[in-house]
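A short write-up of the structure that comes next.
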Amino acid sequence: MFVMILFYVFSAVLIAAALAVITTRNPVYSALCLVLTFFTSAAIWLLIDAEFLALVLVLVYVGAVMVLFLFVVMMLDIEVEALRSGFTRYAWLGWLTALVVILELAGVVAARRFGADTAASPVPMPADYSNTHELGTVLYTDYVYAFELAAVLLLVAIVAAIALTMRKRPGLKVQDIARQVAVRREDRVRLVKMDAEKHP
Amino acid sequence: MLHEMLQLFLDILALPIVQTTLWILVVTISVILAVAFSVLFERKIIGWMQLRKGPNRVGSIFGFWPGVFQAFADVVKLLIKEVVVPARANKVLFALAPIIALVPALATWAVVPLSPDLVIADIDAGLLYVLSLTSMGVYGVIIAGWAANSKYAFLGAMRSAAQIVAYEIAMGFALVGVLMASGSLNLGEIVKGQAGGPLSWNVVWLFPLAIVYIISGVAETNRAPFDVAEGESEIVAGFHVEYSGIAFALFFLAEYANMLLISALTAVFFFGGWLSPFDGYLPADSWLAQPGFLWLGIKMSANMFLYFWLRATFPRYRYDQIMRLGWKVLIPVTLVWIAVEGVMAHLGVGPWRAWSP
Numbered sequence: 010m011f012v013m014i015l016f017y018v019f020s021a022v023l024i025a026a027a028l029a030v031i032t033t034r035n036p037v038y039s040a041l042c043l044v045l046t047f048f049t050s051a052a053i054w055l056l057i058d059a060e061f062l063a064l065v066l067v068l069v070y071v072g073a074v075m076v077l078f079l080f081v082v083m084m085l086d087i088e089v090e091a092l093r094s095g096f097t098r099y100a101w102l103g104w105l106t107a108l109v110v111i112l113e114l115a116g117v118v119a120a121r122r123f124g125a126d127t128a129a130s131p132v133p134m135p136a137d138y139s140n141t142h143e144l145g146t147v148l149y150t151d152y153v154y155a156f157e158l159a160a161v162l163l164l165v166a167i168v169a170a171i172a173l174t175m176r177k178r179p180g181l182k183v184q185d186i187a188r189q190v191a192v193r194r195e196d197r198v199r200l201v202k203m204d205a206e207k208h209p
Numbered sequence: 056m057l058h059e060m061l062q063l064f065l066d067i068l069a070l071p072i073v074q075t076t077l078w079i080l081v082v083t084i085s086v087i088l089a090v091a092f093s094v095l096f097e098r099k100i101i102g103w104m105q106l107r108k109g110p111n112r113v114g115s116i117f118g119f120w121p122g123v124f125q126a127f128a129d130v131v132k133l134l135i136k137e138v139v140v141p142a143r144a145n146k147v148l149f150a151l152a153p154i155i156a157l158v159p160a161l162a163t164w165a166v167v168p169l170s171p172d173l174v175i176a177d178i179d180a181g182l183l184y185v186l187s188l189t190s191m192g193v194y195g196v197i198i199a200g201w202a203a204n205s206k207y208a209f210l211g212a213m214r215s216a217a218q219i220v221a222y223e224i225a226m227g228f229a230l231v232g233v234l235m236a237s238g239s240l241n242l243g244e245i246v247k248g249q250a251g252g253p254l255s256w257n258v259v260w261l262f263p264l265a266i267v268y269i270i271s272g273v274a275e276t277n278r279a280p281f282d283v284a285e286g287e288s289e290i291v292a293g294f295h296v297e298y299s300g301i302a303f304a305l306f307f308l309a310e311y312a313n314m315l316l317i318s319a320l321t322a323v324f325f326f327g328g329w330l331s332p333f334d335g336y337l338p339a340d341s342w343l344a345q346p347g348f349l350w351l352g353i354k355m356s357a358n359m360f361l362y363f364w365l366r367a368t369f370p371r372y373r374y375d376q377i378m379r380l381g382w383k384v385l386i387p388v389t390l391v392w393i394a395v396e397g398v399m400a401h402l403g404v405g406p407w408r409a410w411s412p
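Residue numbers (the numbering used here), protein chains in the order written: chain A, 10 to 209; chain B, 56 to 412.
Okay, here's the thing in structure tokens:
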């Protein structure tokens with residue numbers, strides 16, 4: 010019963026926040042609403058004993074990805090007029106895309122496949138069930154190749170991103186920290202011995 | 056009649072939800088009180104390091120401990136000050152930001168094992184919970200910086216966002232090493248895995264990771280020498296420049312609650328948490344060898360002292376060098392030590408519980 014109430018509260022917040030993401034004018038509000046969306050969906054995942062996925066969603070998307078999103082969005086100087094000018098001109102394209110997406114979703118998420126009477130309700134896990142442990146066991150045995158493939162793919166993406174953005178500009182002044190640390194007193198300071206007064 | 060009412064009251068007290076709520080209250084109020092005395096501790100320590108006395112006016116008890124109630128006087132002062140909301144600031148987010156900063160700092164205490172049998176929520180994924188909640192804290196800073204509609208506040212927020220993302224990764228990698236050593240995400244299990252005297256604490260075998268964790272902890276809490284988000288000499292007071300009165304006090308509270316939290320977590324992950332340092336050296340029935348909150352408290356205080364020591368000693372880092380340290384030094388160090396730890400575990404060197412059958 011309590012879990013039921015929690016589920017409906019979180020779902021209501023989730024849907025409201027998701028709607029706010031696409032309806033608010035201010036991009037910063039949109040990003041913050043997206044944070045709320047992620048957070049409530051993590052809460053819903055917690056309700057179905059998927060604590061690993063829930064916590065990692067908060068850790069990765071809320072804690073890192075959305076911080077960088079906000080970082081960029083806050084620095085953007087968005088001209089609302091320029092954005093609105095194309096609205097009516099491209100509206101038909103938006104409606105068409107929305108229609109196609111709705112039709113496709115309706116084909117997949119139809120009531121005859123996902124209705125309450127077709128799917129058995131999930132069996133509650135025993136109290137000592139650990140989602141993290143189960144996930145780790147499966148990930149490192151049955152799906153180990155897929156897991157390593159994904160890891161290598163991410164590594165390639167990192168290397169590619171660095172390779173694309175790194176360029177050697179001539180005449181760039183850079184700090185060489187190792188050289189700075191290796192500096193000795195003798196290299197920099199020259200003691201000059203001289204008389205305090207000028208001798209006549 | 057009176058007897059029945061008393062009985063009813065006791066019955067209500069015995070309900071699990073009431074018990075948990077009471078424990079939450081106890082821990083939260085203790086953290087807030089600890090913050091008050093940490094501020095005094097800090098000002099006294101820095102005072103002594105600079106050959107002055109520190110606060111010595113408010114609350115001398117019969118001539119002893121002058122200055123002991125300084126923090127309470129400050130709180131009263133901040134409470135009766137006006138909260139100024141800047142013109143053209145975003146009022147809702149401006150009011151929300153200090154709360155967003157404070158809530159994760161207090162909520163994370165739910166999984167910290169304070170003594171062998173005192174932890175509010177003994178959950179299995181405790182370490183993940185800690186990581187995800189501490190990563191929420193940065194939103195308070197970012198939202199405060201943006202909502203205040205001030206360029207100094209905004210600069211502070213931007214600096215803080217980039218810095219926290221960088222150091223969170225190093226912190227997470229350091230904790231991967233702890234996770235490998237203890238084979239559990241439960242904070243109580245992590246502490247139990249270090250039983251057997253100071254030589255079996257994680258800090259011995261994971262020394263580089265412990266150093267990385269402590270440094271990242273200082274950076275994560277925006278403390279000197281990583282306090283570029285505030286940077287008094289460059290951007291006035293950074294993200295909270297427009298905050299006054301109790302709204303500022305909430306940021307202050309969040310910062311110190313976070314410091315206490317990182318101190319407790321450092322103790323739990325690397326210094327044996329509530330385990331006694333004499334465990335295994337003194338007879339097991341000696342009171343010094345008993346585990347308990349006393350030892351966690353001492354370890355936390357030592358860690359807090361380290362924070363204040365650093366603040367009194369080091370000048371502020373330059374911003375680009377903070378980024379360099381986070382991305383190019385700390386993360387490679389953790390990666391290398393995780394590999395070393397894997398090899399050691401494979402060869403059976405070290406007390407790796409996770410690998411023993």
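Idealized CB from N, CA, C, for every residue including glycine.
So that I know if they touch, is there some Cβ in chain A lying closer than 7 Å to that of residue i?
i	result
B/Ala409	Low confidence applies to B/Ala409: its pLDDT is 49, below 50, so where it sits in the model is not reliable, and the reading given next is rough at best. Output row for B/Ala409: interface = no.
B/Asp129	no
B/His401	no
B/Pro412	Residue placement at B/Pro412 cannot be trusted, given a pLDDT of 41 that sits under 50; what the coordinates show is reported in the next sentence. Cβ-Cβ to chain A under 7 Å: no for B/Pro412.
B/Val258	no
B/Trp201	yes
B/Tyr331	Sequence check: residue 331 of chain B is Ser here, not Tyr. No, no contact with chain A.
B/Val220	yes
B/Val323	no
B/Tyr184	yes
B/Ser187	yes
B/Asp177	no
Please list, in chain order, all residues of the same chain as residue i whose beta carbon is under 6 Å from its beta carbon, the five residues on each side excluded.
i	result
B/Lys99	Gly109
B/Gly293	Gly211, Ala284, Glu285, Gly286
A/Val22	Thr49
B/Ala409	Note on B/Ala409: pLDDT 49, under 50, position unreliable in the model; the coordinate value appears next. Result list for B/Ala409: Gly238, in chain order.
A/Phe19	Thr49, Ala52, Ile53
B/Met60	none
A/Arg197	none
B/Pro71	none
Spell out whether any CB of chain B is found under 7 Å from the CB atom of residue i.
i	result
A/Ala25	no
A/Ser139	yes
A/Glu213	The structure shown does not extend to residue 213 of chain A, since chain A is modelled only from 10 to 209, so the question has no answer here.
A/Glu60	yes
A/Gly145	no
A/Met83	yes
A/Phe47	no
A/Arg22	The displayed chain sequence assigns Val, not Arg, to residue 22 of chain A. It does not: the Cβ of A/Val22 has no partner Cβ on chain B nearer than 7 Å.
A/Val76	yes
A/Leu264	Because chain A spans 10 through 209 in this model, residue 264 of chain A falls outside it and cannot be assessed.
In its own chain, which residues sit with a C-beta less than 7 Å from the C-beta of residue i, not counting the 5 before and 5 after it?
i	result
B/Ile198	Leu148, Leu151, Ala152, Ile155
B/Thr276	Glu310, Asn313, Met314, Ile317
B/Ile224	Ile386
A/Tyr138	Asp58
B/Gly300	Leu133, Lys136, Glu137, Val138
Along the chain, where does the alpha helix (DSSP H) containing residue i start, and where does it finish?
i	result
B/Lys206	206 to 237
A/Thr97	96 to 117
A/Tyr38	36 to 56
A/Val76	75 to 84
B/Asp66	57 to 69
B/Ile178	Where B/Ile178 is concerned, there is no enclosing alpha helix (DSSP H), given that its DSSP letter is neither H nor E.
A/Val65	60 to 65
A/Phe11	11 to 32
B/Trp364	348 to 368
B/Phe29	As shown, chain B starts at 56 and ends at 412. That puts residue 29 of chain B outside it, with no answer to give.
B/Met399	386 to 402
Grab me the residues of residue i's own chain with a C-beta within less than 8 Å of its C-beta, minus the 5 sequence neighbours each way, in chain order.
i	result
A/Thr46	Leu23, Ala26, Ala27, Val30
B/Gln372	Per the sequence presented here, residue 372 of chain B reads as Tyr, with Gln not at that position. Same-chain partners within the cutoff: Pro280, Phe281, Val283, Leu380.
B/Met378	Ala217, Gln218, Ala221
B/Tyr336	Gly252, Ala344
A/Glu195	none
| Meets three-Cβ-pair contact criterion under 8 Å: the segment 187 to 196 of chain B and the segment 71 to 79 of chain A | yes
| Contact between the segment 227 to 247 of chain B and the segment 165 to 182 of chain B: three or more CB pairs below 8 Å? | Touching, yes.
| task | Please confirm if the segment 252 to 264 of chain B is in contact with the segment 163 to 175 of chain B, defined as three or more CB-CB distances below 8 Å between the two stretches. | result | no
| Entirely enclosed alpha helix (DSSP H) segments - the segment 252 to 299 of chain B, minimum 4 residues | Taking only runs of at least 4 residues, the alpha helix (DSSP H) segments lying wholly in the segment 252 to 299 of chain B are 257 to 260, 262 to 275, 287 to 290.
| query | With a cut-off of 8 Å, do at least 3 Cβ pairs link the segment 66 to 76 of chain B to the segment 90 to 98 of chain B? | reply | no
| query | Can we say the segment 347 to 358 of chain B touches the segment 319 to 326 of chain B, given the rule of at least three CB pairs closer than 8 Å? | reply | Yes: the two stretches touch, three or more of their Cβ pairs being nearer than 8 Å.
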